[in-house]
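Below you'll find the structure, written out as structure tokens, and then a few comments.
In the numbering used here, the protein residues as written are 10 to 358.
Structure follows, in structure tokens:
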């Protein structure tokens with residue numbers, strides 16, 4: 010049937026009203042589209058898996074168990090060299106020994122030139138390490154997070170969440186069959202003062218010669234997904250393998266580009282890895298939608314999203330179970346990958 014409706018003449022009152030209505034509809038549609046696109050873009054940054062309880066099977070990462078550790082680790086500020094940091098060290102050592110393992114304390118002294126301040130700092134660190142041998146290792150994998158905090162925060166997210174992720178991951182792997190490759194669990198000291206603990210390991214520890222790649226965990230705020238946010242240069246194959254091994258992969262390569270372009274570093278212990286010419290990946294839980302609790306007392310265990318911690322742990326366990334049984338020399342360097350989420354757990358590379 011033909012359209013017999015007459016369009017209002019331009020310049021008439023009816024024409025002006027029709028134009029205004031059409032313009033309002035177009036603007037509203039555009040705004041709705043932008044809001045939907047923004048929500049879809051933000052959704053993967055907020056989505057986390059359900060936190061497993063304390064009584065979850067030993068072979069599954071449990072945020073409930075990790076939160077029990079976090080209540081001790083992040084109870085108070087514990088900067089490097091303080092008695093409280095020593096107490097955190099002793100707690101971690103005791104938890105590792107309870108698994109029937111013998112941890113090592115690496116004590117190292119490092120210097121750091123600070124030309125902008127006209128000074129050089131000297132820092133003594135105490136890293137905690139435990140190496141779990143594989144059945145036929147083709148290289149070691151390091152899983153690491155730093156256990157020191159800044160003086161102004163207990164550091165539940167930065168980086169108590171990282172430390173308890175490493176600890177609970179160790180428990181999970183100890184409960185099952187051995188992996189093919191060695192895994193080194195590194196609880197690094199001194200990240201908040203120039204990534205000194207990580208530098209001490211990669212520069213001075215003999216195990217560093219065996220490492221195929223590093224997996225670093227970080228925290229910025231008390232919520233958000235655990236996402237791959239930066240990688241060492243020319244590590245596209247490693248990135249693809251890690252994202253493929255994750256049960257709920259989240260990652261944005263533009264964050265990698267921003268960190269390198271604006272900061273010239275990764276803002277984490279991965280800086281020491283890159284300086285040593287080793288491959289590595291860094292995962293971070295990133296709070297969005299408001300001011301993050303960063304380096305303040307609000308970064309406390311009571312405010313940490315258990316789902317963020319669960320996501321960290323599932324990334325660690327998933328990647329270790331896959332790449333821990335892979336032929337690591339086969340994961341060769343490649344051009345930097347481009348990757349981003351379109352939905353939670355759906356990454357385009």
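Beta carbons: idealized from backbone N, C-alpha and C, even for Gly. Note that the coordinates shown come from a computational prediction; the quantities given were computed from them, not determined experimentally.
- Counting along the chain, the unbroken beta strand (DSSP E) around residue 129 starts and ends at 128-141.
- A buried status is given to residue 58, since no fewer than 16 other beta-carbon atoms sit within 10 Å of its beta-carbon.
- Just measuring C-alpha positions, the residue of 249, 309, 102 sitting nearest residue 194 is 102.
- Contact annotation: residue 136 and residue 115 have beta-carbon atoms nearer than 8 angstroms.
- In the structure shown, the three-state DSSP call for residue 231 is coil.
- Taking residue 354 as the centre and dropping the five residues before and after it, the same chain places the C-beta of 257, 258 closer than 7 angstroms to its C-beta, in chain order.
- A straight-line Cα-Cα distance of about 15 angstroms links residue 181 and residue 320.
- A distance below 6 angstroms between beta-carbons, with the five flanking residues on each side excluded, links residue 241 to the following residues of its chain, in chain order: 283, 288, 289.
- For the 8 angstroms CB-CB criterion, residue 325 and residue 224 form a contact.
- By the Cβ-count criterion, residue 301 is buried, with 16 or more other Cβ atoms from all chains shown falling within 10 Å of its own Cβ.
- Excluding its 5 nearest sequence neighbours in each direction, residue 169 has C-beta neighbours in its own chain below 6 angstroms: 79, 82, 83, listed in chain order.
- Scanning its chain for C-beta atoms nearer than 6 angstroms, with the 5 sequence neighbours on each side dropped, one finds around residue 75 the residues 173, 177, 318, in chain order.
- The beta-carbon separation of residue 333 and residue 189, rounded to 6 angstroms, stays under the 8 angstroms limit for a contact.
- For residue 115, there is no enclosing alpha helix (DSSP H); the residue is found in the beta strand (DSSP E) stretching over 113-123.
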